[in-house]
Structure formats: C-alpha cells, structure tokens
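**Student:** This is the structure I want to talk about, given as structure tokens.
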Amino acid sequence: MMQQFENDSKISNLDISKWEQNTKELEIYDKCEKIKIKIIFTKDYKIIYSRNSEILRVQYLVIIIKSDIIIDISKNPEILINLELIRYFKWQGEYGLENKKCGRWIATFQGNILKDVGGYFVDGFKQGIWKVIKNNFWTKAKVYLIGEYYNDLKRGQWKYIQDAKIIYGGYYNNEEGYKKGKWVELGEGFYCDSQIIYRGEYNKKGIKIGQWDILQDKNNGQGYISIGCGYYHIYSGNKIGRWVELDERFQIDKQVMYSGEYNKNGKKVGRWDSMFCKYYEQEYQQIGGGSYDNLYGIKVGKWIDLWEGFKYNSQITYNGEYNQDGVKVDRWNIEYKGKSFGGGLYDSCSGNKIGKWVDLDEEFWSDKQVTYSGVYNQYGKRIGRWDITLDGILIGGGSYDIDSGIKIRKWVELDEKFDLDTLIIHNGQYNITGKKVGRWDIMQDRSGNGEYRKIGGGSYDCTLGIKVGQWVELKEGYTWITYVGEYNMEGKKIGTWVEMDKNENQKRGQCQYNH
1 MMQQFENDSK
11 ISNLDISKWE
21 QNTKELEIYD
31 KCEKIKIKII
41 FTKDYKIIYS
51 RNSEILRVQY
61 LVIIIKSDII
71 IDISKNPEIL
81 INLELIRYFK
91 WQGEYGLENK
101 KCGRWIATFQ
111 GNILKDVGGY
121 FVDGFKQGIW
131 KVIKNNFWTK
141 AKVYLIGEYY
151 NDLKRGQWKY
161 IQDAKIIYGG
171 YYNNEEGYKK
181 GKWVELGEGF
191 YCDSQIIYRG
201 EYNKKGIKIG
211 QWDILQDKNN
221 GQGYISIGCG
231 YYHIYSGNKI
241 GRWVELDERF
251 QIDKQVMYSG
261 EYNKNGKKVG
271 RWDSMFCKYY
281 EQEYQQIGGG
291 SYDNLYGIKV
301 GKWIDLWEGF
311 KYNSQITYNG
321 EYNQDGVKVD
331 RWNIEYKGKS
341 FGGGLYDSCS
351 GNKIGKWVDL
361 DEEFWSDKQV
371 TYSGVYNQYG
381 KRIGRWDITL
391 DGILIGGGSY
401 DIDSGIKIRK
411 WVELDEKFDL
421 DTLIIHNGQY
431 NITGKKVGRW
441 DIMQDRSGNG
451 EYRKIGGGSY
461 DCTLGIKVGQ
471 WVELKEGYTW
481 ITYVGEYNME
491 GKKIGTWVEM
501 DKNENQKRGQ
511 CQYNH
C-alpha cells in the first residue's frame, strides 16, 4: 500500500470529468473576514491557491506510482474556503487496490494531528463513523461534525461539536444523504465572537421549508435570542413573505440585517430596509434601503446602499439612483460618518463607472482612510495615472494601461495590512501583461513622519510573476518581525527561513520548508 497526503476540503465539489485549465477568483474566509484569492486549475491536474503572487498551497489530484500518473477519481476534489485550512490542513492515509483510498485516514492542522478527526475508507468510499471539520475551521472556531457515512453519503444523526460539547445538528435521509426534519445549524462564519444559528426544517429532498429562525448569542454563552426569521415555500423552497435576514458577512462588528418581502417566486419586492446594531446593543437602527421592482425584483429608484466592507468602524454608504433596468446611473456619492469621501458617475446605458472617480480602499476604516483617484474609460476600466492618498496626503500610485486597464510600469502600493500604525508600502514594476517583475522593495515609515526606509523585499520571475530567490518579508501577523529565506523557481518557500528582530541584527528563530 502507498501512503498519500490528500489536500481534501470542505465546500464545492468539482467534476473531474469536466476538468479545464483556467484561473478563477474565489472569496474565502481569513479567520472571520472575507478575502479574495486566485485558484489555478492546471492541465496536469493540480489546483494552485495563490494570493498577492504568493503560492499558498498546491493540491495534487494525481497519484504517481513507478512513474505512472493515475488521476485520483475516488472522490471528486473540493475547494477549500478558509485561509488557515489552505495553509495548514491535510488529510493523510493510504491507497490500496485500484488506487482507491482504504483504511483509516487522519487529519493534521498546523503540523499537529487533530484528535479523533477522520474515519475509514472501504473500497474508496467513506464508511462508518467520521469526525470532520466545519468548512470555516480555524484557531478560534474549532468546530467539528460527527456522524455516519455509508458509501460516501451522510446518514442518520450528525452533530456539531465545539469544546468537546454537542452544539446542535440534525438527521440525514438514509437513502440519498439529504438533510431531513428539524435542524439547528451553525452560521457559515460561526466563531467564538459571532455565534449565529439557524433553526428550522428540511423536507425529504433536503429543501428548507416552513419557518426558519435566526438566533444569536449576544451574551457570550448566556443564551440565544431571536434576531430574524422568515418562511420557505413548502413545495418550491423559495423564500416567501416577510423576512428579516442577515447580511452574508454578518459578524460582531458588522451586525447588519435586511427587512422586507419576497414574492411567490422568491424575488425581493417593494421596500427593503437596511439595519445596523453596534456590538452587543440590542436595538437595530435603520441606516439605508430602497425599493425593488414588484415584477422583476430588481433595485429601482433612489437607494442608500451599504458598502461591501461596512462595519462598526467603517460605516460607509453609497447614495444614488438605479434606473428601471436596475442599473446604477448618474452621480453616486460615497459617505462616511455623514461626510462625502468620494464617488463619481455611472454611464446611463452600461452602468459602468466613467470619468473621474474617487474610490475607497477595500479595507477603508477609521485608521486607514485611504482613497484612490483617477479616471475610468467608457468600458469601466481604470486608465492612466491613479493616485493613492491617506487623509488627503499622496502616498502612492501608478499607471494603468490605456487599452487593457492593467497595471503597468512603476507602482507604489500599500501593504495589505497598511494602516496608521503600520505604514508599510511596496515599491516595484509591473510588466506589459500586468505581472510583478524584477525587484520589489518593502518600505516602512516607522517614525510616522513620512520618511520610508527599506525593511525587506526580493525579486519576481520575469515571466510568471512569482516570487523567486532570496526574500526578506514580514512575518504573518507582524509589522516589525521579518523572515529571511528563499523561494524556488515554482514560487514555493524552501530551506531554512530565519526570523529577525526589527533591527535586523538578531535572530529570533527559524522554520524549515520542504517540498
């Protein structure tokens, strides 16, 4: 038998018979936040996860035995949706006859075996009692599910487990593996500071029906209270009638809900209000909203939309108008705490941004009031020079190609953790295809007086735009500790990486990478 490490995962299945080489952008969780990464499906059956030109993980879908390559089709691969899982989670087990998984498979996280996680394969199928992780498993949300598989299908009772305690669950149909009957489920972003559960019923085909309640533990383990609810049609499973539902990014500092009505076809109609509650306060206040067309369920007329990154410390709204086709038109203003921070015009036909705009940084908040200003062409692409400002002071920027709208030539960009405390920027070049190439320096203003000095950096491959050779980069989660080490020609960390203090003259530790 051959031992194999499988990078299995937790969300959407892929049909390997329809495999195509391509690249997709995926929204995943980074702890309790949502971020965007790229996943690349290669012609040699690999899935490559990457972010900001760093390869996070390579998921191999082949087994190599005596130079023969065999595609592992015992189970179609799934896509991980959590950054810590992408980096640190692995399945380990064996393949037997006909290269099918067999025997006990176990799981590791951050290099440590997860106690009792896993189960047994028989002839390539999961069988018997299994303990698996929830799709948003991370260090502050170590939630498991335990139950029985039969030929890879869940059946019977499945329970959520947290801190060795059973916290809800329900039953699966024994024939098709559908959820059935009464269930209490955890919210997608469930973790210790954002405990949301959903309570309701599934029919025999695994479709939600009847009333579903949304509950929240607002008192740190002292009990759940109802904060929303609504009905699913008993036959179609569509949402119908009056609903109070949560924003898809609902969490402790973004307690946003929407209230309004669905028609019989499951479309939003009439007036919908946006409501916000501060931290552990009980009362929600209206902060936005507008109307949906009663026939097609599209936004029409004047609206106050909440910014995608809306939170307690970034309460930003977009104010403007939709036409009868649900397209943004004319002037839209961006407001923060009642003050205009940007905006621009939308084309009345295409709905594209056009002309001069002031956009907010994706991570805009009270300590990172960063804006981007420049011009959009008729196709909604940024072109020419764009400036990056912090509190109105120019701190970076660069140029977009006038035809393709991709970054080209010299740029000064902000580090993803940039704010008033970190003040870290990256300085380098893009080639004509929009890939980082050559030397890029990491700079920091440690004194806060506008003087940036180099604290790290390295080189990008001139063809693929991936990190290669020796790099000095910041340790994840820190702004003053750097790691010194090397990337191979595939953009993977190799060898020994040495941790340095902020004066770059004292070793603090090291870690080893093997590929």
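Numbering (UniProt numbering), first residue to last: 1 to 515. Glycine residues also receive a C-beta, built at the ideal position from the N, C-alpha and C atoms. Since we're looking at a predicted model, the values are computed, not measured.
(1) With DSSP as the reference, label Arg57 as helix, strand or coil.
(2) Residues in its own chain within less than 7 angstroms of Lys268 by CB, not counting five upstream and five downstream?
(3) Report the three-state DSSP secondary structure of Gly427 (helix, strand or coil).
(4) Once you ignore the five residues that flank Lys126 on each side, which residues in its own chain have a CB closer than 7 angstroms to its CB?
(5) At what residue ranges does the segment 391 to 458 contain a whole run of the beta strand (DSSP E), taking only runs of 3 or more?
(6) Quick check on Thr479: buried or exposed, where buried means 16 or more other Cβ atoms within 10 Å of its Cβ?
(7) What first and last residue would you give for the alpha helix (DSSP H) that runs through Tyr88?
(8) Lys154 bridges to which residues according to DSSP?
(9) Where are the alpha helix (DSSP H) runs, 4 residues long or more, that stay fully inside the segment 206 to 281, in chain order?
(10) Going by the beta-carbon positions, is the gap between Ile39 and Ile81 smaller than 8 angstroms?
(11) Under DSSP, the beta strand (DSSP E) around Thr482 begins and ends at which residues?
(12) What does the Cβ neighbour count give for Met257, buried or exposed, with the cut at 16 atoms within 10 Å?
(13) Indicate whether residue 552 and Gly169 have their beta-carbon atoms separated by less than 8 angstroms.
(14) Can you check which of these residues, Ile209, Lys407 and Gly491, is closest to Asp387 by C-alpha distance?
(15) Indicate whether Gly392 and Leu414 have their beta-carbon atoms separated by less than 8 angstroms.
(16) Whole angstroms is fine: what's the gap from Leu61's alpha carbon to Trp497's?
(17) According to the Cβ coordinates, are Ile334 and Gly326 closer than 8 angstroms?
(18) Buried or exposed, going by whether 16 or more other CB atoms sit within 10 Å of the CB of Ile71?
(19) Whether or not the segment 187 to 203 and the segment 82 to 100 are in contact is what I'm after, with contact meaning three or more pairs of Cβ atoms, one per stretch, closer than 8 angstroms; do they touch?
(20) Where do the ends of the beta strand (DSSP E) carrying Ser373 lie?
(21) List, from N- to C-terminal side, the beta strand (DSSP E) runs of 3 residues or more that fit wholly inside the segment 300 to 326.
(22) Please state the DSSP three-state secondary structure of Asn352.
(23) Taking all protein chains shown into account, do 16 or more other C-beta atoms lie within 10 angstroms of the C-beta of Cys32, making it buried, or fewer, making it exposed?
(24) Quick one: give me the first and last residue of the beta strand (DSSP E) that Gly169 is part of.
(25) Beta-carbon separation of Val143 and Gln162 under 8 angstroms?
(26) Going by DSSP, name the residue or residues bridged to Cys511.
(27) By the three-class DSSP mapping on this structure, what secondary structure does Asn99 have?
(28) Evaluate Thr433 with the Cβ neighbour count: other Cβ atoms within 10 Å of its Cβ, from every protein chain shown; 16 or more gives buried, anything less gives exposed.
(29) In angstroms with no decimal places, state the Cα-to-Cα distance between Ile69 and Asn99.
(30) According to the neighbour-count rule (16 or more other Cβ atoms, all chains shown, within 10 Å of its Cβ), is Lys140 buried or exposed?
(31) Where Asp116 and Ile225 are concerned, what is the direct C-alpha to C-alpha distance, given to the nearest angstrom?
(32) Quick check on Arg385: buried or exposed, where buried means 16 or more other Cβ atoms within 10 Å of its Cβ?
(33) Tell me the rounded alpha-carbon separation between Gly351 and Gly380.
(34) Under 6 angstroms Cβ to Cβ from Lys417, same chain only, skipping five residues before and after it: list those, please.
(35) Given that a residue counts as buried once 16 or more other Cβ atoms are within 10 Å of its Cβ, and exposed if not, what is Ala107?
(36) Should Glu473 go down as buried or exposed, given a rule of 16 or more other Cβ atoms within 10 Å for buried?
**Tutor:** To lay it out plainly:
(1) strand
(2) Gly260, Tyr262, Tyr292 and Gly297
(3) Here the sequence assigns Asn to residue 427, which means Gly is not the residue at that position. Asn427: strand per DSSP, three-state reduction.
(4) Gly119, Tyr149 and Asp152
(5) 393 to 400, 407 to 414, 424 to 430 and 436 to 444
(6) buried
(7) Leu83 to Tyr88
(8) Tyr149
(9) none
(10) no
(11) Thr482 to Tyr487
(12) buried
(13) Because the chain here runs from 1 to 515, residue 552 falls outside it and cannot be looked at.
(14) Lys407
(15) no
(16) 29 angstroms
(17) no
(18) Residue placement at Ile71 is poorly supported in this model, since its pLDDT is 49, which falls under 50; the coordinates still yield a value, given next. Answer is exposed; the Cβ neighbour count stays below 16.
(19) no
(20) Val370 to Tyr376
(21) 316 to 322
(22) coil
(23) buried
(24) Lys165 to Tyr172
(25) yes
(26) Trp497
(27) helix
(28) exposed
(29) Here the model assigns Ile69 a pLDDT of 49, short of 50, so the residue's position is not dependable and the matter cannot be decided.
(30) exposed
(31) 33 angstroms
(32) exposed
(33) 9 angstroms
(34) none
(35) buried
(36) buried
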